[in-house]
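> Could you have a look at this structure, given as structure tokens, before my questions?
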Amino acid sequence: MHKESAIREPLILGHKTYHQITEDVCKPIEDKAPKTWYVLFAIALIIGIYGVGCIMYLLGTGIGVWGLNKTIGWAWDITNFVWWVGIGHAGTLISAVLLLFRQKWRMAINRSAEAMTIFAVFMAGTFPLIHMGRLWLGYWVFPLPNQFGSLWVNFNSPLLWDVFAISTYLSVSLIFWYIGLVPDFATLRDRVKRPIPKKMYSILSFGWSGRAKNWNRFELVSLVLAGVATPLVFSVHSIVSFDFATSVIPGWHTTIFPPYFVAGAVFSGFAMVQTLMLVMRKAMRLEAYIHTRHVEYMNIVIMVTGSIVGVAYLTELFVSWYSGVEYEAYAFINRATGPYWWAYASMMTCNVISPQLMWIPALRRSLYFTFFISIVVNIGMWFERYVIIVSSIHRDYLPSSWSMHFPSHIDIGVYIGTIGIFFVFFLLFARFFPVLPIAELKTILKSSGEYQKNQPDTHHDNSHNH
Amino acid sequence: MAEQIIYAMYDDDDVLKDGAKKLVAKGIKVSEVFSPFPIHGIDPIIGIQNTRLGIMAFLYGITGTIIATLGMRYFMIVDWPMNIGGKPNFTYLDNILAFIPVTFEFTVLCAAHGMAITYLLRNKTIPGMIASNPDPRTTDDKFVMEFRMSENSKFTSEEMLDLIKSTGVSEIDQKEVK
Numbered sequence: 016m017h018k019e020s021a022i023r024e025p026l027i028l029g030h031k032t033y034h035q036i037t038e039d040v041c042k043p044i045e046d047k048a049p050k051t052w053y054v055l056f057a058i059a060l061i062i063g064i065y066g067v068g069c070i071m072y073l074l075g076t077g078i079g080v081w082g083l084n085k086t087i088g089w090a091w092d093i094t095n096f097v098w099w100v101g102i103g104h105a106g107t108l109i110s111a112v113l114l115l116f117r118q119k120w121r122m123a124i125n126r127s128a129e130a131m132t133i134f135a136v137f138m139a140g141t142f143p144l145i146h147m148g149r150l151w152l153g154y155w156v157f158p159l160p161n162q163f164g165s166l167w168v169n170f171n172s173p174l175l176w177d178v179f180a181i182s183t184y185l186s187v188s189l190i191f192w193y194i195g196l197v198p199d200f201a202t203l204r205d206r207v208k209r210p211i212p213k214k215m216y217s218i219l220s221f222g223w224s225g226r227a228k229n230w231n232r233f234e235l236v237s238l239v240l241a242g243v244a245t246p247l248v249f250s251v252h253s254i255v256s257f258d259f260a261t262s263v264i265p266g267w268h269t270t271i272f273p274p275y276f277v278a279g280a281v282f283s284g285f286a287m288v289q290t291l292m293l294v295m296r297k298a299m300r301l302e303a304y305i306h307t308r309h310v311e312y313m314n315i316v317i318m319v320t321g322s323i324v325g326v327a328y329l330t331e332l333f334v335s336w337y338s339g340v341e342y343e344a345y346a347f348i349n350r351a352t353g354p355y356w357w358a359y360a361s362m363m364t365c366n367v368i369s370p371q372l373m374w375i376p377a378l379r380r381s382l383y384f385t386f387f388i389s390i391v392v393n394i395g396m397w398f399e400r401y402v403i404i405v406s407s408i409h410r411d412y413l414p415s416s417w418s419m420h421f422p423s424h425i426d427i428g429v430y431i432g433t434i435g436i437f438f439v440f441f442l443l444f445a446r447f448f449p450v451l452p453i454a455e456l457k458t459i460l461k462s463s464g465e466y467q468k469n470q471p472d473t474h475h476d477n478s479h480n481h
Numbered sequence: 138m139a140e141q142i143i144y145a146m147y148d149d150d151d152v153l154k155d156g157a158k159k160l161v162a163k164g165i166k167v168s169e170v171f172s173p174f175p176i177h178g179i180d181p182i183i184g185i186q187n188t189r190l191g192i193m194a195f196l197y198g199i200t201g202t203i204i205a206t207l208g209m210r211y212f213m214i215v216d217w218p219m220n221i222g223g224k225p226n227f228t229y230l231d232n233i234l235a236f237i238p239v240t241f242e243f244t245v246l247c248a249a250h251g252m253a254i255t256y257l258l259r260n261k262t263i264p265g266m267i268a269s270n271p272d273p274r275t276t277d278d279k280f281v282m283e284f285r286m287s288e289n290s291k292f293t294s295e296e297m298l299d300l301i302k303s304t305g306v307s308e309i310d311q312k313e314v315k
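So the sequence lines, in the order shown, correspond to chains A and B. Taking this note's numbering, I'd label the letters of the first sequence as residues 16 to 481. Taking this note's numbering, I'd label the letters of the second sequence as residues 138 to 315.
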């Protein structure tokens with residue numbers, strides 16, 4: 016039952032016991048936070064508050080404060096939206112798709128990747144909401160009876176599909192994450208001594224007691240949620256891509272968009288997971304659980320999805336020529352050689368060339384190099400959306416209305432602000448929540464722990480009296 | 138009548154599983170197992186049926202599909218048909234392609250939420266519930282089997298203790314509850 020091929024590298028290094036796993040995960044929560052945590056939290060909070068200030072100003076004045084003009088009606092807002100949604104794809108992919116494929120290495124990263132997903136989708140949701148201008152009428156996106164307006168919402172519009180996709184994705188990710196957290200909160204509840212945290216974790220753990228029947232249900236619920244979340248992950252970014260693909264703008268009107276956006280989302284999501292995990296494993300001393308092997312696996316995912324994205328870029332170029340549509344061809348020539356050539360060049364370098372370096376084993380096993388590439392990919396994926404959105408619309412059919420997009424300081428402030436708020440959430444998560452799934456890690460200890468793996472077979476059979 | 142309960146604590150999940158197998162073979166009923174993580178293969182030994190939550194998830198999902206279909210048919214076809222680029226919208230089937238994304242999302246939404254809520258209610262794990270694990274260490278690294286004397290009336294508590302002690306148990310505790 017607990018046997019696994021001996022040549023498979025262990026996932027948990029060192030001689031860990033069940034108790035040691037609990038200790039390692041709970042210790043950073045129970046100890047006082049290190050100074051760096053406060054410093055990082057303060058920085059993130061200040062940036063976040065600045066972002067909230069910009070949003071307030073935007074809502075008070077109107078979206079005219081953005082750098083949009085009559086040709087470029089969509090720019091940083093939707094770029095940031097798609098960027099954040101893309102980042103939010105790794106968490107559920109890791110926990111759902113990798114659960115279906117029974118990939119045990121997911122267990123070291125799924126909890127924080129899911130947290131990252133949820134916070135990233137929060138940030139993504141901010142942009143369409145504030146783009147409404149009158150935020151307080153946001154509930155009009157739901158199908159409400161006619162007296163709220165003259166019509167029902169338009170179910171033929173991809174923008175409305177997006178409302179359903181994003182809200183379903185957010186809430187399903189949230190329950191998936193929380194159902195996994197409940198037993199771990201119970202572990203914390205039974206450990207902490209101080210009365211207030213004990214009370215808090217007691218409420219959060221919903222009175223979980225770890226009965227056999229509860230675990231039986233737990234496993235099935237995880238499996239079924241993974242089963243429904245897997246197509247959900249793919250549907251969400253497909254639907255995000257429909258926002259563009261169903262339009263008739265050259266450069267957007269492309270059938271390749273859904274798979275290409277999904278691959279790009281996984282690509283950027285894993286890059287963000289790498290950025291966060293590499294810092295977290297060091298800061299919280301989780302090197303035994305998240306080590307080179309995990310980083311390498313994630314780098315392989317980055318390499319594969321990066322290659323898919325690269326192929327999609329080249330296919331787009333080819334099809335724009337092969338289609339024989341001159342407007343389509345111009346959109347792509349203009350992208351690569353027009354005034355936005357620098358954005359296109361950054362996108363190509365960051366997304367097509369950099370992941371190819373991961374073919375070299377020494378590079379994909381290097382933590383510093385991985386960290387560097389993960390930042391590069393995050394930047395590249397932001398540029399990808401910027402290129403697709405702005406470069407396709409800045410020169411329309413009427414040369415007299417050709418224009419350029421210059422972000423206003425509010426554009427920049429809101430974007431930087433969402434990064435701040437994201438890190439506020441993530442730092443709070445890392446401080447108060449179990450960042451590794453304690454219960455799940457214990458289930459793989461015997462098959463994938465370094466010490467347990469290297470034990471001679473007799474050790475194990477002694478406890479089995481068949 | 139006061140109920141006698143024996144708690145047998147183990148340090149290892151495999152030891153507990155083998156112990157449970159032996160005790161069940163002797164005719165003892167294991168009333169409950171508390172563990173920090175799912176012990177694979179314990180359910181058939183102690184006679185726990187597989188959960189039927191999967192069926193519920195399917196039913197919730199189908200409900201979502203039906204609600205989404207009926208809703209969109211009413212909004213877009215019956216109540217206020219919209220002319221969108223002159224596309225045909227006289228019947229639901231004319232326009233069905235546009236309705237697939239929302240139907241899918243709503244199906245997933247209903248299946249996931251319905252199942253999660255049912256799961257929490259069936260487990261009796263809702264905010265504010267008091268935990269009922271016999272020892273705080275069962276959420277860390279200890280595994281506990283619970284035996285209720287009322288379910289094991291064939292045995293005296295001494296016989297039970299002797300049998301349990303032969304299974305590599307680390308601690309034994311006896312309790313009386315009303």
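Beta carbons are placed, not taken as given, at the ideal position from N, Cα and C, and that holds for glycine.
Which chain B residues sit within Cβ distance under 8 Å of A/LEU174?
The contacting residues do not exist; A/LEU174 stays about 11 Å from chain B at best.
> Using the beta-carbon of each residue, which ones in chain D are nearer than 8 Å to B/PHE227?
In the displayed structure, chain D is absent; the protein chains listed are A and B.
> Would you kindly work out how many angstroms separate the C-alpha atoms of B/HIS250 and B/ASP149, rounded to a whole number?
Roughly 35 Å separates the two Cα atoms.
> For A/MET16, collect the residues of the same chain with a Cβ closer than 6 Å to its Cβ; drop the 5 residues on either side in sequence, then sort them by chain order.
In this prediction, A/MET16 has a pLDDT of 47, which is less than 50 and means its spatial position is unreliable; nothing more can be read from the coordinates.
> Per the contact definition of three or more C-beta pairs closer than 8 Å, is the segment 196-216 of chain A in contact with the segment 275-288 of chain A?
Contact fails: fewer than three Cβ-Cβ distances are below 8 Å.
> From this set, A/ASN393, A/MET299, A/GLU38, which residue's C-alpha is nearest A/PRO370's C-alpha?
If we check each option's Cα against that of A/PRO370, A/ASN393 comes out closest.
> Where does the unbroken alpha helix (DSSP H) through B/MET297 begin, and where does it stop?
Here the alpha helix (DSSP H) through B/MET297 covers 294-302.
> How is A/ILE271 classed by DSSP in three states: helix, strand or coil?
Correct three-state label for A/ILE271: coil.
> Hey, is B/GLY191's beta-carbon within less than 8 Å of any beta-carbon in chain A?
Yes, B/GLY191 lies at the interface with chain A (some Cβ there is under 8 Å from its Cβ).
> Taking only three categories from DSSP, how would you classify B/TYR211?
Note: B/TYR211 maps to helix in three-state DSSP.
> Hey, how far is the Cα of A/SER462 from the Cα of A/LEU219?
About 30 Å.
> Would B/SER172 and B/ARG285 qualify as a contact pair, given that the criterion is a beta-carbon distance under 8 Å?
Not closer than 8 Å, so no.
> Please report the distance separating the alpha-carbon of B/LYS302 from that of A/PRO43.
Spanning the two alpha carbons is a distance of roughly 38 Å.
> Does the beta-carbon of A/GLY225 have 16 or more other beta-carbons within 10 angstroms, so that it is buried, or is it exposed?
So A/GLY225 ends up on the buried side.
> Count the other C-beta atoms from every protein chain shown that fall within 10 angstroms of the C-beta of A/HIS479, then say buried if there are 16 or more, exposed otherwise.
Residue confidence is low: A/HIS479 scores 43 on pLDDT, short of 50, so the model does not pin down where it sits. Its coordinate-derived value is still stated next. So A/HIS479 counts as exposed.
> Should A/TRP155 be labelled buried (16 or more other beta-carbon atoms within 10 Å of its own) or exposed?
With fewer than 16 Cβ atoms within 10 Å of its Cβ, A/TRP155 is classed as exposed.
> Any beta carbon of chain A sitting closer than 8 Å to that of B/ASN187?
Closer than 8 Å to some Cβ of chain A, the Cβ of B/ASN187 qualifies, so yes.
> So if I threshold CB-CB distances at 7 Å, which residues from the segment 252-274 of chain A count as touching chain B?
Result list: ILE254.
> Any residues in the segment 285-297 of chain B with a beta carbon nearer than 9 Å to a beta carbon of chain A? Which ones, in chain order?
Cβ contacts with chain A come from no residue of the segment 285-297 of chain B.
> Looking at the strands, I want to know which residues DSSP matches up with B/TYR147.
Answer is B/PHE280, bridged to B/TYR147.
> Starting from A/VAL243, follow the alpha helix (DSSP H) in both directions and report where the run begins and ends.
From DSSP, the alpha helix (DSSP H) with A/VAL243 extends over 227-260.
> With a cut-off of 8 Å on the beta carbons, I'd call A/VAL236 and B/ALA253 a contact; round off their distance for me.
With 8 Å as the limit, A/VAL236 and B/ALA253 qualify as a contact, their Cβ atoms being about 7 Å apart.
> Rounded to whole angstroms, what is the Cα-Cα separation between A/ASP177 and A/PRO265?
If I take the Cα positions, the gap works out to 21 Å.
> Is it right to say B/SER287 is buried, meaning 16 or more other beta carbons lie within 10 angstroms of its own, or is it exposed?
When all chains shown are included, B/SER287 counts as exposed.
> Pull out every residue of the segment 151-175 of chain B whose Cβ sits closer than 7 Å to any Cβ of chain A, in chain order.
Listed by position, the residues of the segment 151-175 of chain B near chain A (Cβ gap below 7 Å) are ASP151, VAL152, ASP155, GLU169, VAL170, PHE171, SER172, PRO173, PHE174, PRO175.
> Does DSSP put B/GLU313 in a helix, a strand or coil?
Three-state DSSP puts B/GLU313 in a strand.
> Going along the chain, which residues of its own chain have a beta-carbon closer than 8 Å to the beta-carbon of B/ASP155, five neighbours each way excluded?
Once the five neighbours on either side are set aside, the close Cβ partners of B/ASP155 are THR304, GLY305.
> Can you pull the chain A neighbours of B/GLY208, defined as C-beta to C-beta under 8 Å?
Result: PRO158.
> If we define contact as Cβ-Cβ less than 8 Å, is B/MET213 a contact residue for chain A?
It does; some Cβ of chain A falls within 8 Å.
> Going by the CB atoms, is the gap between A/PHE259 and A/ILE102 shorter than 8 Å?
It is not a contact, given that the beta carbons lie outside the stated cut-off.
> Within the same chain, show all residues whose beta-carbon is closer than 6 Å to that of A/VAL242, passing over the 5 residues directly before and after it, in chain order.
Sequence check: residue 242 of chain A is Gly here, not Val. If we look at A/GLY242 and ignore the five residues flanking it on each side, it has no Cβ neighbours.
> Between which residues of its own chain and B/ALA194 is the CB-CB distance below 6 Å, once the five residues before and five after are set aside?
Once the five neighbours on either side are set aside, the close Cβ partners of B/ALA194 are ALA248, MET252.
> Is B/GLY223 close to chain A, meaning its C-beta is less than 8 Å from at least one C-beta of that chain?
It does not; no Cβ of chain A falls within 8 Å.
> Below 6 Å CB to CB, which residues in the same chain sit around A/LYS31 once its five sequence neighbours on both sides are set aside?
Contacts found: GLY464.
> Consider the Cβ of B/PRO273: report whether some Cβ of chain A lies at a distance smaller than 8 Å.
It does; some Cβ of chain A falls within 8 Å.
> Select from A/VAL450, A/LEU150, A/PHE437, A/SER253 the residue whose C-alpha is nearest the C-alpha of A/LEU60.
If we check each option's Cα against that of A/LEU60, A/PHE437 comes out closest.
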